[in-house]
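S.K.: This note's numbering puts the first residue of the sequence shown at 121, with every later residue one more than the last.
Virtual Cβ for every residue (Gly too), placed ideally from N, Cα, C.
Structure provided below as structure tokens; questions to follow.
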Amino acid sequence: MKVLITGGKGMLGRTLCAELKEFELIPTDLPEADITDAAKFNALIAEYAPDAVIHCAAMTAVDKCETEIDFAYKLNALGSANVASACHRNGVRLIAISTDYVFDGDSDRPYNEFDRASGGNTVYGKSKFAGEEAIRRHCPDHVICRISWLYGAGGPSFVHAMMNLADGTRPELKVVADQIGNPTSTLAVAQKLREILNNRELVGTFHMTCEGEASWADFAAEIFRLAGKDQKIVPCTTAEFPRPAPRPANSRLDKMMLRLAGISPMPHWKDALAAFMKSEF
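Structure below.
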């Protein structure tokens, strides 16, 4: 199977290239693959004629999206529409990566795939949801995979940031404790995308975060425990670290569609993190 990857130089794209070697992979990124240029991207798909596209390319700098609004929509919404249209014109299956930020984060339970999404409270979330809607309109043969709290080989990620900060020069680290989510490794996502690629009949929206939940403070504590670092953590509130883009209090995603489709569950976040820490550090 021939699989073209957009955003191939990004953290998830790099993991896909390393892990999905049984497929004929075509990693693409700027400058050769500009998803904001509809004609050029369509020509790229026509030239390579892949069986599937994994669409990872996106503007993911959440705070930067708040000030560069047009560019966020150009990449996340228009770019995704161009990818979807090119796939549909050329008879290519589309697997697109999305985010928990499409929800408002106010629910008291994990969000499942049938909960209403509208883009939440950030430009990033709204532009990614606009991209999702474009994919649904322009390419019926699609799978949208929502992920969150992602980390992977080479970073950048929360794991790498915490390891850099725990260098012995700081008696304590303040870490937010009132946001809850599912820490998720790119390796776990890659392994699940392998199942999606091999299950040709699947369509729709799937949540693909690791099982279990944690606050950022819980996540940091487990990182330091696995790394054998005696780093003191001081739990704090979101309000103590104001950011241009509001962070969702609840980023937890329920993997209902994986269960309904009879697909194996994602690994627990602690198990995935332990495997990652052993290989990365």
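Within its chain, find whatever has a CB closer than 7 Å to the CB of Gly-275; leave out the 5 residues flanking it on each side and keep chain order.
M.R.: So the qualifying residues of the chain are Met-131.
S.K.: Is the beta carbon of Tyr-231 closer than 7 Å to that of Leu-373?
M.R.: Going by C-beta atoms, Leu-373 is nearer than 7 Å to Tyr-231.
S.K.: Note down the Cα distance separating Asn-202 from Gly-225, rounded to an integer number of angstroms.
M.R.: Approximately 29 Å between the Cα atoms of the pair.
S.K.: Counting only runs that start and end within the stretch 306-366, where is the beta strand (DSSP E) found for 3 or more residues in a row?
M.R.: Entirely contained in the stretch 306-366, the beta strand (DSSP E) runs reaching 3 residues are, in chain order, 324-327, 352-356.
S.K.: Closer than 7 Å by C-beta to Ile-174: which residues in its own chain qualify, once you throw out the five before and the five after it? Chain order, please.
M.R.: So the list reads Val-123, Ile-125, Leu-136, Ile-215, Leu-313, once near-sequence residues are dropped.
S.K.: Do the stretch 290-297 and the stretch 180-197 meet, that is, are 3 or more Cβ pairs less than 8 Å apart?
M.R.: Result no; under three Cβ-Cβ pairs closer than 8 Å.
S.K.: With DSSP as the reference, please indicate the residues paired to Lys-398 in a beta bridge.
M.R.: Answer by DSSP bridge pairing: none, since Lys-398 is not bridged.
S.K.: Since Val-157 and Arg-213 are thought to touch, with beta carbons under 8 Å apart, how far apart are those beta carbons, to the nearest angstrom?
M.R.: Checking the displayed sequence, the identity of residue 157 turns out to be Asp instead of Val. Between Arg-213 and Asp-157 the Cβ distance is about 22 Å, and since that is not below 8 Å, they are no contact.
S.K.: Flag this pair as yes or no: are the beta carbons of Asp-183 and Pro-364 separated by less than 7 Å?
M.R.: Yes, Cβ-Cβ distance for Asp-183 and Pro-364 is below 7 Å.
S.K.: Between Ile-267 and Thr-329, is the Cβ-Cβ spacing less than 7 Å?
M.R.: Contact: yes.
S.K.: Residue range of the alpha helix (DSSP H) that Lys-194 falls in?
M.R.: Where Lys-194 is concerned, there is no enclosing alpha helix (DSSP H), given that its DSSP letter is neither H nor E.
S.K.: How big is the Cα-Cα spacing for Ala-347 and Ala-394?
M.R.: Their Cα atoms are separated by approximately 9 Å.
S.K.: From Ala-340 to Arg-290, what distance separates their C-alpha atoms?
M.R.: Their backbone Cα atoms lie some 14 Å apart in a straight line.
S.K.: Quick one: what's got a C-beta closer than 6 Å to Phe-161's C-beta in the same chain, skipping five residues either side?
M.R.: Excluding sequence neighbours, Phe-161 sits near Ile-155, Asn-202, Ala-206.
S.K.: My guess is that Glu-188 and Ala-310 are in contact by the Cβ rule of under 8 Å, so how many angstroms apart are they, rounded?
M.R.: Contact doesn't hold; Cβ gap of about 29 Å is too wide.
S.K.: Is it right to say Pro-387 is buried, meaning 16 or more other beta carbons lie within 10 angstroms of its own, or is it exposed?
M.R.: Counting Cβ neighbours within 10 Å, Pro-387 comes out buried, since at least 16 surround it.
S.K.: Give me the residue from Gly-133, Ile-165, Glu-142 with the minimum Cα distance to Cys-176.
M.R.: Answer by Cα proximity: Gly-133.
S.K.: In the DSSP assignment, find the unbroken alpha helix (DSSP H) run with Arg-257 in it and report its ends.
M.R.: Looking at the DSSP string, the run of the alpha helix (DSSP H) that includes Arg-257 is 243-258.
S.K.: Is Asn-370 helix, strand or coil by DSSP?
M.R.: In the structure shown, Asn-370 sits in a strand (DSSP, three-state: E or B).
S.K.: Apart from the five residues on each side of it in sequence, which residues of its chain come closer than 6 Å, Cβ to Cβ, to Gly-128?
M.R.: Only Pro-147, Thr-148, Asp-149 meet the Cβ criterion.
S.K.: If I'm right that Met-377 touches Phe-326 with Cβ under 8 Å, what's the distance once you round it to whole angstroms?
M.R.: That belief holds up - the Cβ atoms of Met-377 and Phe-326 are roughly 5 Å apart, short of 8 Å.
S.K.: Between which two residues does the beta strand (DSSP E) carrying Cys-265 extend?
M.R.: Here the beta strand (DSSP E) through Cys-265 covers 262-267.
S.K.: Short of 6 Å in beta carbon distance, which residues of its chain neighbour Ala-192, apart from the five on each side in sequence? Order them along the chain.
M.R.: Here the set comprises Met-179, Cys-185, Val-243, Ser-247.
S.K.: DSSP state of Ser-277, grouped into three classes?
M.R.: It is coil, neither helix nor strand.
S.K.: Give me the Cα-Cα distance between Asn-284 and Gly-272, rounded to the nearest whole angstrom.
M.R.: If I take the Cα positions, the gap works out to 15 Å.
S.K.: Straight-line CA distance for Met-399 to Glu-342?
M.R.: For the sequence presented, residue 399 should be read as Ser rather than Met. Roughly 16 Å separates the two Cα atoms.
S.K.: If I follow the unbroken alpha helix (DSSP H) through Ala-159, where does it start and stop?
M.R.: It spans 158-168 - the alpha helix (DSSP H) in which Ala-159 sits, taken as one unbroken run.
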